[in-house]
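Engineer:
Protein chains in written order, with full-length UniProt numbering: chain A, 1 to 309; chain B, 1 to 304; chain C, 1 to 542.
1) Which of the residues in the region 154-171 of chain C, read from start to end, lie with their CB under 9 Å from any CB of chain B?
2) Closer than 6 Å by C-beta to residue 30/A: which residues in its own chain qualify, once you throw out the five before and the five after it? Chain order, please.
3) Of the residues 227/A, 94/A and 245/A, which one's Cα is nearest the Cα of residue 281/A?
4) Secondary structure at residue 172/B, three-state DSSP: helix, strand or coil?
5) Return the residue from the list 55/A, 115/A, 26/A and 266/A that minimises the CA-CA distance to residue 172/A.
6) Return the residues of the region 180-200 of chain A that lie within a Cβ-Cβ distance of less than 9 Å from chain C, sorted by chain order.
7) Between residue 104/B and residue 249/B, is the Cβ-Cβ spacing less than 9 Å?
8) Excluding the 5 residues preceding and the 5 following residue 169/C in the sequence, name in chain order all residues of the same chain whose CB lies nearer than 7 Å to its CB.
9) I'd like the ranges of any alpha helix (DSSP H) spanning at least 4 consecutive residues and lying wholly in the region 202-249 of chain C.
10) Whose C-beta lies closer than 6 Å to the C-beta of residue 237/C among residues of the same chain, with five residues either side of it excluded?
11) Anything in chain E within Cβ reach of residue 122/C, meaning under 7 Å, just list it in chain order.
12) Could you tell me the distance, in whole angstroms, from the CA atom of residue 180/C to the CA atom of residue 122/B?
13) Per DSSP, what kind of secondary structure is residue 209/A in: helix, strand or coil?
14) With the cut-off set at 9 Å, would you say residue 216/C and residue 186/C are in Cβ contact?
15) Compare the C-beta of residue 118/C with all C-beta atoms of chain B and state if any pair is closer than 9 Å.
16) Cβ atoms of residue 195/A and residue 442/C: under 9 Å apart, would you say?
17) Using 9 Å as the threshold, is the C-beta distance between residue 358/C and residue 487/C below it?
18) Can you tell me whether residue 9/A is buried or exposed, with buried defined as 16 or more other CB within 10 angstroms of its CB?
19) Mark residue 344/C as exposed unless 16 or more other C-beta atoms lie within 10 angstroms of its C-beta, in which case mark it buried.
20) Cutting at 8 Å between CB atoms, please list the residues of its own chain near residue 87/B, excluding the five before and the five after it.
21) Ordered along the chain, which non-local residues of its own chain (more than five positions away) have a Cβ less than 7 Å from that of residue 243/C?
22) Name, please, each residue of chain C whose Cβ falls closer than 9 Å to the Cβ of residue 213/A.
23) Can you have a look at residue 230/C and say buried or exposed, based on whether 16 or more other CB atoms are within 10 angstroms of its CB?
24) Relative to chain A, which residues along the region 134-153 of chain B have a C-beta separation below 9 Å, given in chain order?
25) According to DSSP, is residue 370/C part of a helix, a strand, or is it coil?
26) Distance cutoff 9 Å, beta carbons only. Does residue 261/A sit that close to anything in chain B?
27) Taking only beta-carbon atoms, is residue 3/B less than 9 Å away from chain A?
28) Taking residue 483/C as part of the alpha helix (DSSP H), name the residues at either end of that continuous run.
29) At a cut of 8 Å, does the region 145-157 of chain B reach the region 223-242 of chain B through at least three beta carbon pairs?
30) Using the three-state DSSP reduction, which class does residue 546/C fall into: helix, strand or coil?
31) What are the start and end residues of each continuous beta strand (DSSP E) run of 3 or more residues lying completely inside the region 155-238 of chain A, in chain order?
32) Hey, does residue 463/C have any beta-carbon neighbour from chain A nearer than 9 Å?
33) Kindly indicate the opening and closing residues of the alpha helix (DSSP H) around residue 45/A.
34) If we ignore side chains and look at the alpha-carbon of each, how far apart do residue 45/B and residue 23/B end up?
35) For the region 251-280 of chain B, enumerate the residues whose C-beta is nearer than 8 Å to any C-beta of chain A, in chain order.
36) To the nearest angstrom, report how far apart residue 48/C and residue 28/C are at their CA atoms.
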């Protein structure tokens with residue numbers, strides 16, 4: 001029996017900086033990389049483009065009514081055409097991105113925060129407390145989110161704030177269930193037991209040991225959910241019970257263009273395309289995250305080329 | 001099993017009651033109920049008359065008791081716009097929605113399972129990549145947009161299919177096709193993911209060592225194990241369709257619950273909205289129980 | 001040369017992975033004849049299963065690649081056959097059973113269906129296959145086979161599941177049975193039964209048996225010839241006796257040297273010292289089920305007390321209740337006079353420093369998202385009175401060196417280390433609290449024999465240096481024999497026998513202890529032959 005005092009330094013690779021590592025992994029998956037770029041552009045539009053183009057987007061121009069797209073002789077904001085009141089579509093899409101993203105971000109952040117907190121409590125509390133929380137989730141879940149939103153918005157005023165609240169409520173169960181299920185599983189893992197043996201408090205176990213393990217899963221779900229909430233908001237706006245004019249969102253723009261479908265397809269087409277590209281990007285990013293955040297699968301992104309590709 | 005079903009039905013009942021309470025108090029406490037029940041232009045007298053008639057001036061708990069009592073007898077009141085009991089109007093529409101949901105989900109399930117399984121078996125291959133790409137697009141597509149674009153192309157442009165109604169088989173094609181896309185994309189991804197992990201499981205290795213052909217390995221050994229997470233998603237998607245594919249029904253003028261609900265909301269026909277909520281909620285509870293039974297059938301380890 | 005039933009010639013297999021190409025096996029040759037048992041012996045990563053997987057066509061290409069070689073079965077090269085031809089041989093002429101039968105049996109189909117399936121897949125009519133499945137279940141010793149044929153895998157015990165796997169493999173009366181670690185997760189007494197069954201069946205059918213194992217004891221028990229593998233290459237071949245007694249390759253020598261159960265046994269300690277831990281009639285019930293009953297034992301300072309028993313014996317429950325991971329339902333556990341069972345939270349918190357635990361699987365017991373520094377220094381975060389913050393780094397380095405790790409690796413993450421290194425990290429974490437008693441719950445069971453020996457040596461050294469006491473929970477008797485001062489034998493939630501290690505191993509009183517000892521395998525084929533005779537005698541006596 002030999003016990004070398006210090007083991008030979010096996011080839012344990014040094015840790016590269018996490019941010020650089022993430023960028024490298026993103027670069028490996030070209031589709032996800034494009035998706036990330038696109039999402040960044042959309043966020044940029046929402047933050048800076050909207051205030052800048054606000055005036056241009058609302059200025060009516062009767063001569064440019066339903067102007068056809070791809071007329072590059074015009075001002076660049078008209079390259080995607082003009083709407084029924086002659087307002088430039090491109091500028092309107094940029095402006096609308098603000099409301100669209102704001103509602104989705106608000107709803108996702110609120111539901112993520114509340115759902116995760118409730119889930120952690122439900123997973124680490126008495127049977128009774130857990131039961132109440134879960135039944136509450138059942139009530140919400142028994143209802144597809146779109147419908148619940150329709151009912152509540154029917155009774156309340158459809159403002160941005162209310163829309164966020166309603167959509168957030170409908171998405172809470174998603175995070176609640178996931179975090180609770182994960183907590184129940186992780187709390188039985190041996191490293192949690194080891195922490196308990198060391199005397200770690202419940203708070204420390206939940207926030208230091210359990211939350212970091214659950215969090216990547218939740219972020220992955222949140223990304224996917226962002227797409228879902230965006231679609232829900234767009235549907236509500238399309239049905240006329242979401243955001244009300246003169247405010248605009250992409251969904252509302254599709255609805256407004258519906259009347260001119262046969263004569264000016266671009267009115268509905270471009271905002272719809274914006275929606276589909278954004279949700280597609282979010283889905284791609286979420287898929288990428290699922291791999292990148294999973295230590296077992298991460299190698300697929302860390303190597304240059306898929307060996308079985 | 002029976003004990004489980006009873007327990008499950010009881011839990012559903014509790015949740016349903018929660019829903020009843022929620023709807024009641026939301027409708028009474030967020031403003032004047034007469035604005036919900038009566039047309040916007042109703043006169044003050046008719047509002048007062050309505051209050052008297054329906055006891056809206058009684059204490060809130062008395063109102064609640066009456067409301068629950070009526071619900072138990074499936075009495076939601078008359079539809080203001082249609083002069084028929086609200087429940088009848090809703091049930092009529094629900095039959096349409098049920099047909100639409102059944103046909104769509106059957107197609108979706110079969111297609112997603114077959115294509116997802118094959119994609120998982122050839123992971124990384126051309127078929128897999130194409131299937132994954134299209135399922136992602138499908139899962140990302142806003143259905144209202146797909147619906148109007150397909151009307152432009154197939155009804156207006158090519159003139160192949162009617163734009164709305166339910167008269168012939170042709171009328172069903174577009175709504176089903178549009179409803180198909182999103183659930184198909186979502187379920188395909190779950191099937192694929194689940195199949196990838198079951199195909200690398202130990203019992204599939206055993207099956208290969210036994211000398212089984214690929215078909216029984218995929219469709220007998222792997223698939224049944226891969227179905228459990230898939231069923232959950234199928235349930236969610238089916239629930240969404242059962243609640244009336246609001247948007248698609250509206251666009252294609254399909255007389256289902258979704259369109260009925262939106263119409264009633266726009267016409268302020270609250271009794272119908274209320275009846276529709278309850279009918280679909282009950283339908284979803286029933287479906288959830290069916291799904292739990294399906295779990296137990298598929299996996300003998302699940303014994304409630 | 002062509003008269004061997006199965007012959008592997010110069011097989012080389014590569015795996016193309018993230019870290020580059022791994023040569024899983026290089027230039028491996030061996031053969032197997034009818035009625036013969038060949039063992040392939042090796043530790044994890046030695047490539048011992050690769051040739052078997054190649055024979056069964058179970059290597060996924062890519063990422064695997066069969067670079068060169070021939071696999072001759074009945075004189076025909078398997079590698080030149082079509083997939084269909086090979087599929088036809090699988091199960092019909094060459095069958096395979098695996099470790100961990102629970103995950104290798106499909107959970108959603110009945111065992112009857114799964115056994116019959118191997119026959120229907122090769123053309124047997126359904127009724128006939130089912131009748132034969134029943135026959136086979138009876139043959140492998142499943143009681144009430146007729147009632148159990150429509151049961152599901154989870155309704156059987158671990159040993160029965162392996163019997164069912166064997167029944168399945170025998171469905172087509174194969175010429176060759178490949179058994180990949182068939183008894184690894186099983187209790188020793190069950191392991192002995194399964195090996196007996198395999199030998200009986202081999203005598204009946206004259207099939208060739210290829211046994212893949214990491215356990216020299218299993219080799220000694222059943223193998224005629226043995227092939228020793230290390231990092232993808234064959235380092236030694238010969239009869240089991242030859243290899244054990246006259247190993248030529250240094251690796252084989254080292255492997256045989258590392259096998260526990262052959263060294264000196266420890267002298268009992270002076271019992272006049274006051275014990276550090278005294279457990280009195282401790283019990284634990286889960287509802288109506290009694291997991292632990294009237295357990296009483298003592299641990300002296302600087303002593304190693306081993307608790308041995310098979311699965312379900314209550315040994316892990318004892319550890320959990322002792323550490324208050326579960327609450328005991330009766331009895332007391334006095335640690336330096338203070339009762340752990342009834343102590344309040346504040347007192348317990350202070351005592352956490354004194355009693356620590358090392359878990360079975362270091363992959364599971366280290367938080368994957370914390371660096372080694374965070375893992376070890378967590379002790380100081382929780383118990384800040386141990387050390388001021390500025391000294392943490394130095395202390396973590398010191399601890400890492402103490403357990404034989406490179407201190408400069410402290411900002412790396414657990415998955416970057418090997419299994420043995422991870423267990424060292426776990427030990428360093430326990431030591432950070434400066435405990436007096438460490439409970440080791442199967443702390444080395446998941447490790448390879450040579451790594452196991454290193455960790456045991458480390459534990460021994462730490463005991464000498466720091467005067468630690470160990471409560472060492474294990475199922476592996478030879479390991480306990482070399483390591484413990486005193487041994488406690490548990491069965492069905494009760495302590496059936498306890499005493500100094502020499503007494504338990506040389507003069508066991510209880511029949512259960514004797515059964516356990518007789519079932520545990522000795523690496524020397526000659527000693528094992530004698531032990532086997534003893535075991536069969538014991539069986540007849542019962």
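Every residue gets a Cβ at the ideal spot worked out from N, C-alpha and C, and that includes glycine.
Structural biologist: Straight from the coordinates:
1) 154, 155, 165, 168, 169 and 171
2) Mapped onto the first chain, residue 30/A falls at position 30. So the list is empty, once near-sequence residues are dropped.
3) Numbered from 1 along the first chain, position 281 holds the residue referred to as residue 281/A. Minimum Cα distance to residue 281/A is reached at 227/A.
4) Within the second chain, numbered from 1, the residue matching residue 172/B stands at position 172. DSSP places residue 172/B in helix when its eight states are reduced to three.
5) Taking the first chain and counting its residues from 1, one reaches residue 172/A at position 172. Looking at the Cα atoms, 115/A is the closest of the given residues.
6) 189, 190, 191, 192, 193, 194, 195, 196, 197, 198, 199 and 200
7) Here residue 104/B corresponds to residue number 104 of the second chain, with the count starting at 1. Here residue 249/B corresponds to residue number 249 of the second chain, with the count starting at 1. Contact flag unset, no.
8) As a position in the third chain, residue 169/C is number 169, starting the count at 1. Taken in chain order, the residues that qualify are 95, 96, 97 and 177.
9) 216-222 and 240-245
10) To locate residue 237/C, count along the third chain from 1; it is residue 237. So the qualifying residues of the chain are 227.
11) Within the model displayed, chain E is absent; protein chains A, B and C are what it includes.
12) Start at 1 with the first residue of the third chain, and residue 180/C comes out as number 180. Start at 1 with the first residue of the second chain, and residue 122/B comes out as number 122. Rounded to whole angstroms, residue 180/C to residue 122/B spans 27 Å at the Cα level.
13) Here the question's residue 209/A lines up with position 209 in the first chain. Three-state DSSP puts residue 209/A in a helix.
14) On the third chain, residue 216/C is found 216 positions in, with the first residue counted as 1. On the third chain, residue 186/C is found 186 positions in, with the first residue counted as 1. For residue 216/C and residue 186/C, no; Cβs fall outside 9 Å.
15) Locating residue 118/C in the third chain gives position 118, where the first residue counts as 1. Judged by the 9 Å Cβ criterion, residue 118/C is in contact with chain B.
16) Within the third chain, numbered from 1, the residue matching residue 442/C stands at position 442. Within the first chain, numbered from 1, the residue matching residue 195/A stands at position 195. Not closer than 9 Å, so no.
17) Within the third chain, numbered from 1, the residue matching residue 358/C stands at position 358. Within the third chain, numbered from 1, the residue matching residue 487/C stands at position 487. Not a contact, by the Cβ cut-off of 9 Å.
18) Sequence index remark: in the first chain, residue 9/A carries index 9 (1-based). Residue placement at residue 9/A cannot be trusted, given a pLDDT of 41 that sits under 50; the coordinates are not used to answer.
19) Here residue 344/C refers to the residue found at position 344 of the third chain. Result: exposed.
20) Taking the first residue of the second chain as position 1, residue 87/B is located at position 87. Answer for residue 87/B: 74, 75, 76, 275 and 279, listed in chain order.
21) Start at 1 with the first residue of the third chain, and residue 243/C comes out as number 243. 226, 228, 236 and 252.
22) For the purposes of this step, residue 213/A is taken as residue 213 along the first chain, with counting starting at 1. Near residue 213/A (Cβ distances below 9 Å), the residues of chain C are 367, 368 and 369.
23) Sequence index remark: in the third chain, residue 230/C carries index 230 (1-based). Buried is the call here.
24) 136, 137, 139, 140, 141, 142, 143, 144, 145, 146, 148, 149, 151 and 152
25) If you number the third chain from 1, residue 370/C lands on position 370. Three-state DSSP puts residue 370/C in coil, outside helix and strand.
26) Here residue 261/A corresponds to residue number 261 of the first chain, with the count starting at 1. Closer than 9 Å to some Cβ of chain B, the Cβ of residue 261/A qualifies, so yes.
27) Residue mapping note: residue 3/B aligns to position 3 of the second chain, counting from 1. Cβ-Cβ to chain A under 9 Å: no for residue 3/B.
28) Looking up residue 483/C in the third chain gives position 483. That run of the alpha helix (DSSP H) goes 477-483.
29) no
30) Given a span of 1 to 542 for chain C in the structure shown, any question on residue 546/C remains unanswerable.
31) none
32) The residue given as residue 463/C occupies position 463 in the third chain. No, because no Cβ of chain A sits closer than 9 Å to the Cβ of residue 463/C.
33) Here residue 45/A corresponds to residue number 45 of the first chain, with the count starting at 1. Counting along the chain, residue 45/A falls outside any alpha helix (DSSP H), and DSSP gives it neither H nor E.
34) In the second chain, residue 45/B corresponds to position 45, counting from 1. In the second chain, residue 23/B corresponds to position 23, counting from 1. Answer to the nearest angstrom: the Cα atoms are 27 Å apart.
35) 261, 262, 265, 266, 273, 277 and 280
36) What you label residue 48/C is simply residue 48 of the third chain in a count that begins at 1. What you label residue 28/C is simply residue 28 of the third chain in a count that begins at 1. Cα to Cα, the separation comes out at about 10 Å.
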